[in-house]
Amino acid sequence: MMAPSAVYGGPIHHDGAALEATSDAIDDVNVLKARAAEKKRRLELRQGSSADFDADSQFDATKDKSAFRQYEAACDRVKNFYIEQHAKQTVAYNLTARQRFHAASRVRPELSVWDAIEKLNTLVDESDPDTELSQIQHLLQSAEAIRRDGKPRWMQLVGLVHDLGKLMLFFDGAQGQWDVVGDSFPVGCRFDGRCIFPDTFAANPDSVHPVFGTELGIYAPGCGIRNLIMSWGHDEYLYLVLRDQSTIPPEGLAMIRYHSFYPWHHDGAYREFMADGDEKLLNAVRAFNPYDLYSKSNEVLIVEELKPYYLELIDEFFPQRKIKW
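Counted the way the working numbering counts, the sequence shown spans residues 118 to 442.
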């Protein structure tokens, strides 16, 4: 692979409310795209639950999806975001981001999962028309919807932590909104036309690269989705943090890593790279998607009442208690 052609600096100031406004607008666009594909696999759960993790969601059966912000209202903000993201998410930048993450010199703050949730909770979007609630409310709403549907404890935990990768805004050198939120996609191969706003990839130098701009790029057919270099953002960052520091099963890690990979789990792109085992990961991501998109509500959950349950849940899957972020 080519060496990074640019060196990116350290942490810069970020407007958390502006980022969350963009993140919520992106979610609203995806609400209009997302209905999970027919479930192909059923799994008898361990940990005492009789419900399959990939059984159809029930919490949203009567939810009025049209109540969310319409695509046209979010379009300008979202398109401007993707113009920047699609121009800057290059192979060079992604290699740089990973080198920065894995660098021996990088100071990795140590926080418990609950402390991390409370830190993320300082990112409050005051401009979001769908909800005026905080980050902890969104995480708890996702987790509680999964819990009410009788899904396994590990999936409840995924609902609770799935957005914690946004902590990179505080201490991982994020460059802007474009490398934190938004739909994700592989770099190092041709940008698929099923990505959102595909024409905006024209400004990305990799689109005309003699290798990266080809259909397969640096990959081989059937190489496995897990071996693709995914665009850098809060999903990929959190996956790298948790894969070796938790006992979350592979399906749960896939939910975290790929929940923004809409071209794959919603639109059927990049299937040429799938290998044995990838169908069950795809199924898992599709099962999680409704709990991320449709759990938003202005109902205020009482954090202190729910906290003991989730502290116990956290301890079950994070035995070392402190996480290196």
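Virtual Cβ for every residue (Gly too), placed ideally from N, Cα, C. Please read all numbers here as calculations on a predicted model, not as lab measurements.
Comparing alpha-carbon positions, the option among THR207, GLY282, ARG194 and THR239 lying closest to PHE218 turns out to be GLY282. With respect to the 8 Å criterion, PRO327 and GLU389 are not classified as neighbours on the basis of their beta carbons. Of all alpha-carbon atoms in ILE253, VAL195 and LEU240, the one lying nearest the alpha-carbon of VAL420 is that of ILE253. PRO303 sits in a strand when the DSSP states are folded into three classes.
The three-state reading of DSSP puts LEU333 in coil, since its state is none of H, G, I, E or B. Per DSSP, the unbroken beta strand (DSSP E) holding SER229 starts and ends at 227 to 229.
Taken in chain order, the complete alpha helix (DSSP H) segments of 4 residues or longer contained in the stretch 411 to 440 are 420 to 434. Here ASP409 is near HIS279, since their CB atoms are less than 8 Å apart.
Per DSSP, HIS376 lies in no alpha helix (DSSP H) and is assigned neither H nor E. Leaving aside the five residues that flank GLU433 on each side, none in its chain has a CB nearer than 6 Å to its CB.
Counted as a single uninterrupted DSSP element, the alpha helix (DSSP H) harbouring LEU277 occupies residues 270 to 278. Counting the other CB atoms within 10 Å of its CB gives TYR379 a total of 16 or more, which places it among the buried residues. Within the model, the alpha-carbon separation for ARG194 versus PRO425 is close to 39 Å. Assigned with DSSP and collapsed to three states, MET285 falls in helix. The Cβ atoms of SER324 and ASP352 do not sit closer than 8 Å to each other.
Ranked by Cα distance from ALA386, the options TRP295, ASP309 and THR213 are led by ASP309.
Counting along the chain, the unbroken alpha helix (DSSP H) around HIS351 starts and ends at 351 to 359.
Around ARG307, the same chain offers GLY330, THR331, GLU332 and GLY334 as residues with beta carbons nearer than 7 Å, after the five sequence neighbours per side are excluded. Taking ASN211 as reference, the option from GLY267, SER301 and ARG360 with the minimal CA-CA separation is SER301.
Bounds of the alpha helix (DSSP H) holding ILE253 are 252 to 265.
Cβ-Cβ distances below 7 Å link LEU345 to PRO303, TYR336 and PHE390 in the same chain, with the five nearest sequence neighbours on each side left out; the list follows chain order.
Within the same chain, and ignoring the five residues on either side of MET372 in sequence, the residues whose Cβ sits closer than 6 Å to its Cβ are VAL275, ALA401, VAL402 and PHE405. Ranked by Cα distance from VAL146, the first of TRP349, GLY341, CYS312 and ALA221 is CYS312.
Only buried fits ALA142, as 16 or more other CB atoms lie within 10 angstroms of its CB. Closest in C-alpha terms to ARG374, from the list LEU355, VAL298, TYR199 and ILE440, comes LEU355. Per DSSP, reduced to three states, the secondary structure at ILE234 is helical.
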